Amino acid sequence: MDGEELTEQETALYDRQIRVWGADAQRRLSKSHILVYGIKGTVAEFCKNIVLAGVGSLTLVDDRVVNEEALSANFLILPDDNLFQGKTLAEVCCDSLKEFNPMVRVSVEKGDISTFGVEFFEKFDVVVISCCSLAKKKLINQKCRKLSKRVAFYTVDCRGSCGEIFVDLQNYKYSKKKLEENIDCQLEYPSFEEAISVPWRALPRRVSKLYFAMRVIEGFEDVEGRNPGETSITDLPGVLKLRKELCETNSLNESQIPNALLERLLIGTREYPPVCAIIGGILGQEVIKAISGKGDPLKNFFFFDAMDGKGLIEDISEPNTGS
Amino acid sequence: MASQEQLSAIKGAKVLMVGAGGIGCELLKTLALSGFQDIHIIDMDTIEVSNLNRQFLFRQSHVGQSKAKVARDAVLRVRPNISITPYHANVKESRFNVDFFKEFDVVLNGLDNLDARRHVNRLCLAADVPLVESGTTGFLGQVTVHLKGKTECYECQPKPAPKTYPVCTITSTPSKFVHCIVWAKDLLFAKLFGDKNLENDLNVHSNDAANSSEHSDVFEYRKDEDIEEYGRRIYDHVFGHNIEVALSNEETWKNRNKPRPIYSKDVLPEKLSEQNGNMEKGCVTDDVSAMASLGLKNPQDVWSLGENSRVFLEALRLFFLKREKEIGNLTFDKDDQLAVEFVTAAANIRASSFGIPLHSLFEAKGIAGNIVHAVATTNAIIAGLIVIEAIKVLIKDSNNYRMTYCLEHPSRKMLLMPVEPYEPNKSCYVCSETPLSLEVNTHRSKLRDFVEKIVKAKLGMNFPLIMQGASILYEVGEDLEEDMVAIYAANLEKALSELPSPVTSGTVLTVEDLQQEFSRNINIKHREEFDEEKEPDGMLLSGWVEPPVDKDKNKPIGNGESTSNALPAEESLEAKKDVTIQEISEVTEIATGTKRKLSEVSKGTTPDHSGLSDETRNHNQLEKLDVDDEDDELMISDDWESLTKKKRL
């Protein structure tokens, strides 16, 4: 989009959402560039949402080949063999996503994202990663933070009927309307590494158990050199052992991370479509907020557990940081 | 993650979806991915361009086609081996009767109007089929579960009626832009382009008897009259003369700012046909548009008085030049560009006269068309939550049924807030056995008033049957005999006490809607006087909970269709700013009286905080789900008061 005004086509198509966030925000969306790494059901949902919202461009990175499992919770992949023969996940999803909104440029980037230099990330306003090891998350987060341009960084992971979103907007200034006035707000976000380094005993007492459980599983995969999600119920003894160690180090009562919860997270890579829709929706909303500069962004973790139905925000940061 | 029990229940389930729009598309997709294999879907609409920002199963090439059918085709591409049966039909049709509903294991609503929701609610109650209801507006949404006898039905907590305005506010003393829109749409537009036989309050305050015959000529286009002259004549009459007449009544303006009359010669001194040299070239495109012909490109611009006046005259001219045949039959349609332009311009000129801020076409269209603002993400979230509840219903996991609210601003850290459902409202006129009584002046009120205001509006019956004892006073149906139809028509015009079977104090009327299998007895009590302001209908139904009504409710002029689950159109402007609106009926429901939660004993009456903002009211009936120990036991937190006080207004 070149000019400053929204085109007639855009105004007609985006009418209902312009009534939510305004024409100004819509313009900003149309100029934004999103990078997505690791496409499964949840990320497919997210991509659908932001393409419909009318972002400028969406770049997909996922060189994995399409398989049976990918089909199970990813509605962007049609089961027609002819369509996905020999193509990567990113390529197949790219084709589907283009159809949702011809005004958005959807493309594929191939290669190992850990080898991409800092200048690669500079092209984007938002980076979303999923299906990522702990090491990769930290690495990409760091690359985003090294840039003078602020690149919003998100991780998203769903394990079974639970989901987690992490947000890093670095130093984020925005304004919002309170009653009749515009007030300026500022938030300081920690990096992923900084956040998870906050000692557990320093966190508020009622922090979601899911936060701790996710860290245990994540830690387990890291220590065992597993690919993300490459765990099963047979790993439970090892996971419980790690939990014990972590809890001792952090002076946390083991009962804060129930066995039952950990078991549910050891579900492997299968996804639960309703949770994909919910997490993909929340993430979509957050990215739209960050790009448009409108609305309080969540800081800095979001958790959903279908078992209790709560969608919670947790602020995992050093006590002195924050808004 | 779906357990064996869940998977098996999903596989064998027969599901009915009502609505294939914003929520419907997301829901159908998620159901299919979750393993559902037998889905039926009803939707009467066809696809429009403005749907495409969120109803992702549809493409530009599908515009005009049936939503239910296209949605089915799209999802079958992803899951070719499941069964999806589409119905391009209105859910109120008689074929969707109780027997039809009984076939399903669960019904999932993705509707956008109160009327249809009530209808489906009754059928689900009659068929004893669980209903999962939902709604979204912008960033807000909710999912609720309804099981007959176990939880509240959809109507246990009455939903607020659509906002209406007193006649005098519209015709004489507008103070908000929405009043000008209603005037422009329901009075001026209707008068000029609509059915001439309909009553119209446009000149309601013209007391001058001599003038009234002149007025009946004013709006009529005289044969061979120069169209611009006609336009200016109308302009001067409604914005000039009528204002002067209003100003002559000093009383009205004692405590109000006086409007100023506006005459076209002052705003547009030169003849337009001389100014706009290119006017006669007209539009080559199909869409006749005053904006296009005047070179006004951006619907988000707020036009000046001069520009609005130009649009007014040009739109009028184009209606007569290009769409003459439709004049006399037109009703306002938000997708009719020329109509929207005319109404915007007229409303703005009136607003200018009354010192009310002007609005852009974009904003005016939203208000006039009762447009609901909507995004894809909220619908996706709600669809996910609907499927989760639906699965619980299928495996009868009743302890875990939840009403879930999707909030824009977190409340106690929650963006998604689950609440236990309440037990049925014992006074609910739909699902309980409460007897109803009606106070009415049986000598003055006609049967027609009873049918329109009570039976149809309040009780939501679409095809009513009204009996007194064994006599049928009125019924609607396809196979009625002519003489019966005549009798019923005659009955409508009679006062209640003068009906063939007289209705007086002590009479019991039975009203039924056979299709909804909904029947109620109403005890009639005669009462002489009714307060015109508080009881404008002249009738009072009790044993039934009144929906919260807005203060200025006199003789109402509404702003169009009943889409009361949407934000009132005026407020949709506010959506661009912080949303702190009190009328979001889908998310917050006013607590009325003591309620008992499904599995726990109540702690007492929920307090009434109707003056507070949404979130605070949310809390008033929310149970806190505090997870305190490893057994994950639900505990009820005390002290509603301290919690509500913490919330911002």
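Protein sequences appear in the order of chains A and B.
Under the UniProt record's numbering, the first residue of the first sequence is numbered 1, with each subsequent residue one higher.
Under the UniProt record's numbering, the first residue of the second sequence is numbered 1, with each subsequent residue one higher.
Just so it is clear, CB atoms sit at the ideal spot from N, CA and C, and this is done for glycine as well.
Every value quoted in this text rests on a predicted model; they were computed, and no experiment measured them.
Cβ pair B:LEU338, B:LEU318 closer than 8 Å: If you number the second sequence from 1, residue 338 of chain B lands on position 338. If you number the second sequence from 1, residue 318 of chain B lands on position 318. Result yes, Cβ atoms of B:LEU338 and B:LEU318 sit closer than 8 Å.
Limits of the unbroken beta strand (DSSP E) element including B:ASN462: The sequence position of residue 462 of chain B within the second sequence is 462, counting from 1. Here B:ASN462 belongs to no beta strand (DSSP E), and DSSP marks it neither H nor E.
Local Cβ density within 10 Å of A:GLU314, reported as buried at 16 or more and exposed below that: Residue 314 of chain A sits at position 314 when you count from the first residue of the first sequence. Per the 10 Å Cβ criterion, buried.
Test item: CB-CB of B:ARG323 and B:LEU268 under 8 Å: For the purposes of this step, residue 323 of chain B is taken as the residue at position 323 of the second sequence. For the purposes of this step, residue 268 of chain B is taken as the residue at position 268 of the second sequence. Taking a C-beta distance under 8 Å as the contact criterion, B:ARG323 and B:LEU268 do not qualify as a contact pair.
Chain B contacts made by the stretch 13–29 of chain A, where a contact means CB separation under 8 Å: Taken in chain order, the members of the stretch 13–29 of chain A whose beta-carbon sits within less than 8 Å of a beta-carbon on chain B are LEU13, TYR14, ASP15, ARG16, GLN17, ILE18, ARG19, VAL20, TRP21, GLY22 and ALA23.
CB contact check: A:PRO274 to chain B, cutoff 8 Å: Residue mapping note: residue 274 of chain A aligns to position 274 of the first sequence, counting from 1. By the rule that beta-carbons nearer than 8 Å mark a contact, A:PRO274 touches chain B.
Beta-carbon spacing of B:ARG350, B:PRO166 below 8 Å: Here residue 350 of chain B refers to the residue found at position 350 when the second sequence is read from its first residue. Here residue 166 of chain B refers to the residue found at position 166 when the second sequence is read from its first residue. Contact: no.
CB contact check: A:ALA306 to chain B, cutoff 8 Å: Indexing the first sequence from 1 puts residue 306 of chain A at position 306. Cβ-Cβ to chain B under 8 Å: yes for A:ALA306.
CB contact below 8 Å: B:LYS29 versus chain A: Position 29 of the second sequence, counted from the start, is the residue given in the question as residue 29 of chain B. Yes, its Cβ sits closer than 8 Å to a Cβ of chain A.
Any beta strand (DSSP E) of 3 or more consecutive residues that is wholly inside the stretch 5–90 of chain A: Annotation note: the stretch 5–90 of chain A contains the following uninterrupted beta strand (DSSP E) runs of length 3 or greater, listed N- to C-terminal: 33–37 and 57–61.
Host beta strand (DSSP E) of A:CYS158 (start-end): One-based indexing of the first sequence puts residue 158 of chain A at position 158. Segment 152–159, the beta strand (DSSP E) holding A:CYS158.
Bounding residues of the beta strand (DSSP E) (the contiguous stretch that carries B:ASN521): Taking the second sequence and counting its residues from 1, one reaches residue 521 of chain B at position 521. For B:ASN521, the enclosing beta strand (DSSP E) covers residues 518–526.
Range covered by the alpha helix (DSSP H) that runs through B:GLN142: Your numbering for residue 142 of chain B matches position 142 in the second sequence. Run containing B:GLN142: none in the alpha helix (DSSP H); it sits in the beta strand (DSSP E), 140–146.
Opposing strand residues paired with B:GLU512 [DSSP bridges]: The residue labelled residue 512 of chain B in the question sits at position 512 within the second sequence. Under DSSP, the beta-bridge partners assigned to B:GLU512 are B:LEU465 and B:SER519.
Cα-Cα separation between B:TYR422 and B:ILE487, rounded to whole angstroms: Your numbering for residue 422 of chain B matches position 422 in the second sequence. Your numbering for residue 487 of chain B matches position 487 in the second sequence. One alpha carbon belongs to B:TYR422, the other to B:ILE487, and they sit about 45 Å apart.
Length of the line joining the Cα atoms of B:PHE177 and B:LEU496: As a first step, residue 177 of chain B must be located in the second sequence, where it is residue number 177. As a first step, residue 496 of chain B must be located in the second sequence, where it is residue number 496. Cα to Cα, the separation comes out at about 41 Å.
Contact list for the stretch 62–92 of chain A against chain B, Cβ threshold 9 Å: Answer set for the stretch 62–92 of chain A: LEU71, SER72, ALA73, ASN74, PHE75, LEU76, ILE77, LEU78, PRO79 and ASP80.
B:GLY543 beta carbon less than 8 Å from that of B:PHE530: For this step, residue 530 of chain B is matched to residue 530 along the second sequence. For this step, residue 543 of chain B is matched to residue 543 along the second sequence. Cβ atoms of B:PHE530 and B:GLY543: not closer than 8 Å.
Residue-level contact to chain D via CB, A:LEU262, 8 Å cutoff: Going by chain labels, chain D is absent from the structure shown, which instead holds the protein chains A and B.
Where the alpha helix (DSSP H) containing B:LEU114 begins and where it ends: Numbered from its first residue, the second sequence carries residue 114 of chain B at position 114. Run containing B:LEU114: 114–127, per the alpha helix (DSSP H) assignment.
Backbone secondary structure at B:HIS62 - three-state DSSP: Sequence index remark: in the second sequence, residue 62 of chain B carries index 62 (1-based). DSSP, reduced to helix, strand and coil, places B:HIS62 within a helical segment of the structure shown.
Test item: CB-CB of B:VAL511 and B:LEU459 under 8 Å: Counting from 1 along the second sequence, the entry for residue 511 of chain B is found at position 511. Counting from 1 along the second sequence, the entry for residue 459 of chain B is found at position 459. Closer than 8 Å, so yes.
Which residues DSSP lists as bridging A:PHE304, in chain order: Counted from its first residue, the first sequence places residue 304 of chain A at position 304. A:PHE304 pairs with A:GLY163 and A:GLY311.
Closer than 8 Å to chain A by CB, B:GLN4: By 1-based counting over the second sequence, the position of residue 4 of chain B is 4. No, B:GLN4 does not count as interfacial toward chain A.
Proximity test, Cβ basis, 8 Å: B:THR46 and chain A: Locating residue 46 of chain B in the second sequence gives position 46, where the first residue counts as 1. So no, B:THR46 is outside the interface.
Beta-carbon gap between residue 660 of chain B and B:TYR429 smaller than 8 Å: The displayed coordinates of chain B run from 1 to 649. Any statement about residue 660 of chain B would go beyond what the structure contains.
Contact check, A:ALA195 vs A:SER317, beta carbons under 8 Å: Taking the first residue of the first sequence as position 1, residue 195 of chain A is located at position 195. Taking the first residue of the first sequence as position 1, residue 317 of chain A is located at position 317. Yes, the Cβ-Cβ distance between A:ALA195 and A:SER317 is below 8 Å.
Contact set for B:ASN200: own chain, Cβ-Cβ below 7 Å, skip 5 residues either direction: Residue mapping note: residue 200 of chain B aligns to position 200 of the second sequence, counting from 1. Closer than 7 Å at Cβ, skipping near neighbours: LEU187, ALA190 and LYS191.
Beta-carbon proximity list for B:LEU415, same chain, < 8 Å, skipping 5 on both sides: Walking along the second sequence from the start, residue 415 of chain B turns up at place 415. If we look at B:LEU415 and ignore the five residues flanking it on each side, its Cβ neighbours are CYS406 and LEU407.
Counted within 10 angstroms of its Cβ, other Cβ atoms place A:CYS185 as buried (16 or more) or exposed: Reading the first sequence from its first residue, position 185 is the one you call residue 185 of chain A. Flag for A:CYS185 reads exposed.
Same chain, Cβ closer than 8 Å to B:TYR294, five either side skipped, listed in chain order: Indexing the second sequence from 1 puts residue 294 of chain B at position 294. Strictly speaking, residue 294 of chain B in this sequence is Leu, with Tyr absent from that position. Residues ASN276, GLU307, ARG310, VAL311 and GLU314 of the same chain have their beta carbon placed closer than 8 Å to that of B:LEU294, with the five preceding and five following residues left out of the count.
Contacts of A:ASN250 in chain B (Cβ-Cβ under 8 Å): Mapped onto the first sequence, residue 250 of chain A falls at position 250. Neighbours of A:ASN250 on chain B: none; closest Cβ ~17 Å, over 8 Å.
Inter-residue spacing [alpha-carbon to alpha-carbon] between B:GLY240 and B:TYR263: Counting from 1 along the second sequence, the entry for residue 240 of chain B is found at position 240. Counting from 1 along the second sequence, the entry for residue 263 of chain B is found at position 263. If you take the alpha carbons of B:GLY240 and B:TYR263, they lie about 5 Å apart.
Inter-residue spacing [alpha-carbon to alpha-carbon] between B:GLY477 and B:PHE463: Residue numbering aside, residue 477 of chain B sits at position 477 when the second sequence is read from its first letter. Residue numbering aside, residue 463 of chain B sits at position 463 when the second sequence is read from its first letter. The alpha-carbon separation between B:GLY477 and B:PHE463 amounts to approximately 7 Å.
The stretch 62–71 of chain A in contact with the stretch 287–305 of chain A per 3-pair CB rule at 8 Å: In short, these stretches do not touch, since the Cβ pair count stays below three.
Test item: CB-CB of A:PHE124 and A:LEU35 under 8 Å: For the purposes of this step, residue 124 of chain A is identified with residue 124 of the first sequence, where counting begins at 1. For the purposes of this step, residue 35 of chain A is identified with residue 35 of the first sequence, where counting begins at 1. Yes, the Cβ-Cβ distance between A:PHE124 and A:LEU35 is below 8 Å.
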